Amino acid sequence: MLWSLKPHARAYRYVGHKDVVTSLQFSPQGNLLASASRDRTVRLWVLDRKGKSSEFKAHTAPVRSVDFSADGQLLVTASEDKSIKVWSMFRQRFLYSLYRHTHWVRCAKFSPDGRLIVSCSEDKTIKIWDTTNKQCVNNFSDSVGFANFVDFNPNGTCIASAGSDHAVKIWDIRMNKLLQHYQVHSCGVNCLSFHPLGNSLVTASSDGTVKMLDLIEGRLIYTLQGHTGPVFTVSFSKDGELLTSGGADAQVLIWRTNFIHLHCKDPKRNLKRLHFEASPHLLDIYPRSPHSHEDRKETIEINPKREVMDLQSSSPPVVDVLSFDSTTMTDSTCRAVPGKGEDICRYFLNPLLMPECSSTTVKKRPEDVSDVPSESLRSVPLAVADALEHIMEQLNILTQTVSILEQRLSLTEDKLRDCLENQQKLFSAVQQKS
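Using full-length UniProt numbering, the first residue of the sequence shown is number 1, and each one after it goes up by one.
What follows is the structure in structure tokens.
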């Protein structure tokens, strides 16, 4: 769903995925929207009424996360097939995969400068990847629970994780050190978001609350109550003035933060206290002694139910936008037709520059065919069209074959791991008897 914050504006429902949509991300320029789904695909949408979208097929299991690099040139996806994949937006093609996790990968995010990727998995590890040499350069492990969500702070020196063990942790990736540990939720934490200034953090939990954390003072400052069930996602706007949260109660709540007026007018002076050169000042340094912020009097609980209008009752008009695939991108098709990918990318980045390409590179819906001149329809010989269709069918078969091979490789890895574990157990038992 694409909503406008203007009063009485239409909402747009984009239909194309065949299963649950798990993640959404706007491109930095705001003209594209990436979506991940349990149907094992990633779609790249042009935000208009025509429903143009590119479909990325390379994962062999549900995709859990999508994220653009800061310059909009790369897209990273995380999947339950235990892999992380990076895509080029300029050429609209698959680039490479990252394999080191041994369980489902729940989230992957670029650093602000695009040099690093952070990922979290149900194998109870958080990994830092170097995008230049495509290697894992750091690893944080947890013996209690796994991270549902992970992200960099705005200056890229720290990462924050939202844990299934109800904890929120902040790590300094330069010193490999746990800086802060908050135990403020009573259920698993599903998502978090840094304020653009970097001095505050908002978290969403299955306990039905959204909580604001002051990272400078190291304490909980607000508890936002409005959802009637688990809260799955939360995000600050780019300017930090608005905050949105979405939950299992099928509600999206929009909050006004007023943080710019509440916080110090010179945030850089305070942010220096988080640098490793300064002496430790944070209250939550060690994971063994998390603070119980529930009894603090300065914590404020906010319940908006009686203060804001429920926009569900106003029934805003919703326009259904049925997707048609402008292209289907896989790791094989993108390598096979690079020229076509470049043309499609230029069309996506600025549709107004390439009106003539819609008749050749974009499949049109029946109601849009009348917009295409008859000369352009006759410009492609029938034999060429049949040959292209046959090539696409063969490429789809190759894609399915690669997917099957990846599934078999995953099963083989699991069996080998089980064999090694059993061998280790037998070896230990023999040593104890001897």
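A virtual CB, placed ideally from N, CA and C, is assigned to each residue, including glycine. These numbers come from a predicted model, not from an experiment.
Rounded to whole angstroms, what's the CA-CA distance from residue i to residue j? Just pull it up for me.
| i | j | result |
| --- | --- | --- |
| S403 | L224 | 44 Å |
| S23 | E389 | 32 Å |
| R91 | R106 | 26 Å |
| S393 | R408 | Just to set this straight, residue 393 is Glu in the shown sequence, not Ser. So the two alpha carbons sit approximately 23 Å from each other. |
| F94 | T77 | 11 Å |
| N31 | A248 | 28 Å |
| K265 | L197 | Low confidence applies to K265: its pLDDT is 41, below 50, so where it sits in the model is not reliable enough to give any reading. |
| S111 | S69 | 8 Å |
| I254 | G246 | 9 Å |
| L426 | D418 | 12 Å |
| L5 | L33 | 17 Å |
| D386 | N153 | 51 Å |
| R115 | H195 | 21 Å |
| H8 | Q400 | 45 Å |
| I159 | K57 | 29 Å |
| S200 | S119 | 22 Å |
| P317 | R10 | 5 Å |
| A108 | Q424 | 33 Å |
| N133 | V430 | 42 Å |
| D142 | I391 | 48 Å |
| residue 456 | V15 | As shown, the chain starts at 1 and ends at 434. That puts residue 456 outside it, with no answer to give. |
| K169 | K433 | 43 Å |
| Y96 | I300 | 46 Å |
| E413 | E421 | 12 Å |
| A167 | S410 | 31 Å |
| E406 | E241 | 44 Å |
| V86 | P230 | 31 Å |
| S88 | V384 | 28 Å |
| I397 | S53 | 22 Å |
| L416 | V252 | 45 Å |
| N176 | Y182 | 18 Å |
| P290 | D172 | Because the pLDDT of P290 is 41, which lies under 50, any placement of that residue in the model is unreliable, and the number read from its coordinates should be weighed accordingly. Taking the straight line from one Cα to the other gives about 17 Å. |
Just to confirm the assignment, what range does the beta strand (DSSP E) spanning residue i have?
| i | result |
| --- | --- |
| D67 | 63–68 |
| D172 | 168–172 |
| K127 | 125–130 |
| D151 | 147–152 |
| T102 | No beta strand (DSSP E) contains T102, which DSSP labels as neither H nor E. |
| W255 | 252–256 |
| W45 | 41–46 |
| S205 | 200–205 |
| N139 | 135–141 |
| T77 | 74–79 |
| K52 | 52–57 |
| F236 | 231–236 |
In chain order, what residues of the same chain lie with their CB nearer than 6 Å to the CB of residue i, ignoring the 5 residues before and after it?
| i | result |
| --- | --- |
| D19 | S37, R38, D39 |
| F146 | E122, K124, S164 |
| V21 | S35, S37 |
| D81 | H59, T60, A61 |
| V144 | D165 |
| I221 | M212, D214 |
| H103 | S121, E122, D123 |
| H17 | S37, D39 |
| F236 | S193, H195, L243 |
So residue i and residue j are supposed to be a Cβ contact under 8 Å. How far apart are they, rounded?
| i | j | result |
| --- | --- | --- |
| A250 | F232 | With 8 Å as the limit, A250 and F232 do not qualify as a contact, their Cβ atoms being about 11 Å apart. |
Compare the beta carbon distance of residue i and residue j with 8 Å and say whether it is the shorter of the two.
| i | j | result |
| --- | --- | --- |
| W129 | L178 | no |
| R13 | V321 | yes |
| V234 | V184 | no |
| I84 | I117 | yes |
| T41 | V63 | yes |
| L192 | D151 | yes |
| G51 | D113 | no |
| L243 | T228 | no |
| L47 | L75 | no |
| residue 497 | N138 | With the chain running from 1 to 434 in the structure shown, residue 497 is simply not present. |
| R100 | C136 | yes |
Go through its chain and collect everything with a Cβ distance to residue i's Cβ below 7 Å, but skip five positions before and after it.
| i | result |
| --- | --- |
| L282 | Bear in mind that a pLDDT of 36 at L282, under 50, signals an unreliable position, so the number given afterwards is only what the model happens to contain. Excluding positions up to five away in sequence, the list reads L179, Q180, G218. |
| D207 | H185, S186, C187 |
| R378 | Residue confidence is low: R378 scores 40 on pLDDT, short of 50, so the model does not pin down where it sits. Its coordinate-derived value is still stated next. Excluding sequence neighbours, R378 sits near nothing in its chain. |
| Q29 | G72 |
| F26 | L33 |
| S79 | H59, A61, P62, V63, R64, V105 |
Would residue i pass as an interface residue toward chain D - the criterion being a Cβ-Cβ separation below 8 Å?
| i | result |
| --- | --- |
| V118 | Note that chain D does not occur in the displayed structure, where there is just one protein chain. |
To which residues of the same chain is residue i closer than 8 Å at the C-beta, ignoring the five residues directly before and after it?
| i | result |
| --- | --- |
| V319 | R10, A11, Y12, R13, R49 |
| F149 | R106, C107, C120, S161, A162, V189, N190, C191, L192 |
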